[in-house]
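Using the numbering used here, the first residue of the sequence shown is number 887, and each one after it goes up by one.
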Amino acid sequence: MIRSHALTLAAISLVGLSMPFAGVTAKEKPTGTLKDLVGKEIIVQPEPPVNVQPQQAAQEYRRFLERNAGDPRLQIEAMRRLGDLNVETDEAARGIDAGAMTPAELREAIKLYEGLLAKYPQYPRADAVMYQLARAHEADTQPERALGVLTRLVNEHPESRWITEAHFRRGEILFSSQRYADAERAYAAVVGAGASTSYYEQGLYKHGWSLFKLSRSDDSVTSFLTLLDRVLAPQGTMKARDQLSRPERELTDDATRAIAITFLDLEGPESMDALLAKRGDPVYTHMLYESLGNLYLEKERYQDAAKAFEAFAKRRPDDRYAPSLQVRAIEAYQKGGFGTLVLAGKQAFVERYAFGSAFWANRTIPDAPEVAEQLKTNLRDLAQYYHAQAQKNKRAEDYAAATRWYRGLLDSFPADPTAPEMRFLLGELLFESGRFGEAAREYERTAYEYPLHARSPQAGYSALLAYQKHESALAGEPLVKWHKQGIESALMFT
């Protein structure tokens, strides 16, 4: 009886707080005398009952309704609270065991809410009842009925505290049933409610997808970019990936992929270039091109993937992320077996990111060590490729290209551990092309300018051979001078 009485008082207090005639206005301010109590309704506001289980509380509300069938004020709030208890109990149970509840409690809640709305159409908290009724229908796997209630809520109570959530939930039901035009309008209402709501980001995301489903590509991309602006660069500078929460990472990954799908269906990187030319480049532009390239790779369209990666490097060659996308372009060509394009990609990388280029104007190697490493790798690959071509075909242009790349490698990385070997190969290349004087100098440098290494003896001996070969092209004073240098080289070798 004590608990029953406590619940009765709790229900009465809720009525007092919610009904418009239960409060005391400023004009009715009590004077503090016994007279003030005459004719006044006393509202008891006890502490909430302790240790009452939801099922027990619901039973008490049922008894309360039976005992107070003639009092509409108490009936209204007790009906609402009983419905709420059933919905909340079901949702809590679903968090533990989706099959733990029978539909009976939900059906009771639905009946109570619908009865309350029908019997008391002017109930000032009708929006709260509709909100809970929609939840009950959804929990009862009746999405269309939930949609009807939510639609009524947004139409009849545009100022409701649940209005944004109601729009979002309408959008979710409509999207799931492929009514994308209606879903788009619902999500647009969520976005229109402003960035301060907790549904703003999800609203933008689903708004973008609704537009995508309607083939409104430009509008779709605009929604996704607005979302990325908010999540990735809220202050104008890009947040590191490890600063994002897991939901934020998933949201941005999905958004960039959605944008990529849009441009995949258009003209690829050219369409993306055109859009950004009008909109301006966000700080995460590289992510857009990379996502497009990744999508092409999934479809084994390797040349298109490489073009997408390289499009960013061409668009923003000095960007911190441009070299890595240029590397991805090379890798895509390699994966597709396009040897000539691999070579062209490596040459483009070297020309774009050589030391002294605009990329390094305000950077040092410690600022971008991976770019320096890729520069070295590509210089070496180009030099050795053209060296092999020269040995095979004996073409002057191949000898010239190999010489250029060897010298570029040695000038850029003079202290690299591979420098002695690379310089020796340069000497070999020059010797093979008949440039014996230059070969002699490179052999000497290989043999004597580095600490003793595996090529030192061979380089010293090769220098002597190159001196001898070059003598036949000289006469007079140049020959005498050259011969003297050869003797000095021989003395160093012994």
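Note that beta-carbon positions come from the ideal geometry of N, C-alpha and C, so glycine has one too.
These numbers were taken from a predicted model, which means no experiment stands behind them.
C-alpha distance - arginine 1102 paired with alanine 1067, whole-angstrom precision: Here residue 1102 is taken as the residue at index 216 of the sequence shown, counted from 1. Here residue 1067 is taken as the residue at index 181 of the sequence shown, counted from 1. Cα to Cα, the separation comes out at about 11 Å.
Rounded separation between asparagine 1264 and arginine 1341 - CA only: For this step, residue 1264 is matched to residue 378 along the sequence shown. For this step, residue 1341 is matched to residue 455 along the sequence shown. Their Cα atoms are separated by approximately 23 Å.
Test item: CB-CB of alanine 1234 and glutamine 1212 under 8 Å: As a first step, residue 1234 is located in the sequence shown; it is residue number 348 there, counting from the start. As a first step, residue 1212 is located in the sequence shown; it is residue number 326 there, counting from the start. Less than 8 Å separates the beta-carbon of alanine 1234 from that of glutamine 1212.
Threonine 1171 to lysine 1092 span [Cα, whole Å]: Counted from its first residue, the sequence shown places residue 1171 at position 285. Counted from its first residue, the sequence shown places residue 1092 at position 206. So the two alpha carbons sit approximately 21 Å from each other.
CA nearest to the CA of phenylalanine 1195, picked from Thr1226, Lys1164, Glu1156 and Gly1225: Working through the sequence shown from its first residue, we reach residue 1195 at position 309. Of the candidates Thr1226, Lys1164, Glu1156 and Gly1225, the one whose C-alpha sits nearest the C-alpha of phenylalanine 1195 is Glu1156.
Where proline 1133 falls: helix, strand or coil (DSSP): As a first step, residue 1133 must be located in the sequence shown, where it is residue number 247. Reduced to three states, the DSSP call for proline 1133 is helix.
CB of leucine 1183 within 8 Å of CB of threonine 1142, strictly: The residue labelled residue 1183 in the question sits at position 297 within the sequence shown. The residue labelled residue 1142 in the question sits at position 256 within the sequence shown. In this structure, threonine 1142 does not lie closer than 8 Å to leucine 1183 by Cβ.
Where histidine 1339 falls: helix, strand or coil (DSSP): Counted from its first residue, the sequence shown places residue 1339 at position 453. Three-state DSSP puts histidine 1339 in coil, outside helix and strand.
Under 8 Å between C-beta atoms of tyrosine 1329 and alanine 1349: Taking the first residue of the sequence shown as 1, we reach residue 1329 at position 443. Taking the first residue of the sequence shown as 1, we reach residue 1349 at position 463. Yes, they are a contact pair.
Length at least 4, wholly inside the segment 1085-1154: the alpha helix (DSSP H) runs in chain order: 1086-1099, 1103-1118 and 1132-1150
Asparagine 1264, enclosing alpha helix (DSSP H) - first and last residue: Taking the sequence shown and counting its residues from 1, the one referred to as residue 1264 is at position 378. 1255-1279 is the span of the alpha helix (DSSP H), which, as asked, contains asparagine 1264.
Contact under 8 Å by Cβ, aspartate 1284 with tyrosine 1272: Here the question's residue 1284 lines up with position 398 in the sequence shown. Here the question's residue 1272 lines up with position 386 in the sequence shown. Yes. Within cutoff.
Limits of the unbroken alpha helix (DSSP H) element including isoleucine 1251: Residue mapping note: residue 1251 aligns to position 365 of the sequence shown, counting from 1. Run containing isoleucine 1251: none; DSSP gives neither H nor E here.
Alpha helix (DSSP H) segment containing aspartate 1204, residue limits: Translated into positions along the sequence shown, residue 1204 becomes position 318. It is not in any alpha helix (DSSP H) - aspartate 1204 carries neither H nor E in the DSSP assignment.
Spatially closest choice to tryptophan 1291 from Lys1280, Leu1316, Pro1303 and Asn1279, by CA coordinates: Counting from 1 along the sequence shown, the entry for residue 1291 is found at position 405. Considering only alpha carbons, the answer is Leu1316.
Three-state secondary structure assigned by DSSP to phenylalanine 1198: One-based indexing of the sequence shown puts residue 1198 at position 312. In this structure, phenylalanine 1198 counts as helix in the three-state DSSP scheme.
Supposed contact pair valine 1035 and alanine 1020 - C-beta distance, whole angstroms, cut 8 Å: Start at 1 with the first residue of the sequence shown, and residue 1020 comes out as number 134. Start at 1 with the first residue of the sequence shown, and residue 1035 comes out as number 149. So it is a contact: roughly 4 Å between Cβ atoms.
For alanine 1218, the three-state DSSP class (helix, strand or coil): Translated into positions along the sequence shown, residue 1218 becomes position 332. Reduced to three states, the DSSP call for alanine 1218 is helix.
Rounded C-alpha distance that separates phenylalanine 1241 from serine 1298: Position 355 of the sequence shown, counted from the first residue, corresponds to residue 1241. Position 412 of the sequence shown, counted from the first residue, corresponds to residue 1298. Straight-line Cα distance between these residues: approximately 7 Å.
Buried versus exposed call for methionine 1378 [16 or more other C-beta atoms within 10 Å across all chains shown]: Residue numbering aside, residue 1378 sits at position 492 when the sequence shown is read from its first letter. Exposed, by the Cβ-count rule.
Residue from Thr1050, Pro1029 and Ser1046 with nearest C-alpha to isoleucine 1059: In the sequence shown, the residue the question calls residue 1059 occupies position 173. Minimum Cα distance to isoleucine 1059 is reached at Pro1029.
Pair within 8 Å by beta-carbon distance, leucine 1338 and leucine 1312: Numbered from 1 along the sequence shown, position 452 holds the residue referred to as residue 1338. Numbered from 1 along the sequence shown, position 426 holds the residue referred to as residue 1312. No; because the gap between Cβ atoms is not below 8 Å, this pair is not in contact.
Tryptophan 1291: first and last residue of the uninterrupted alpha helix (DSSP H) it sits in: In the sequence shown, the residue the question calls residue 1291 occupies position 405. Segment 1282-1298, the alpha helix (DSSP H) holding tryptophan 1291.
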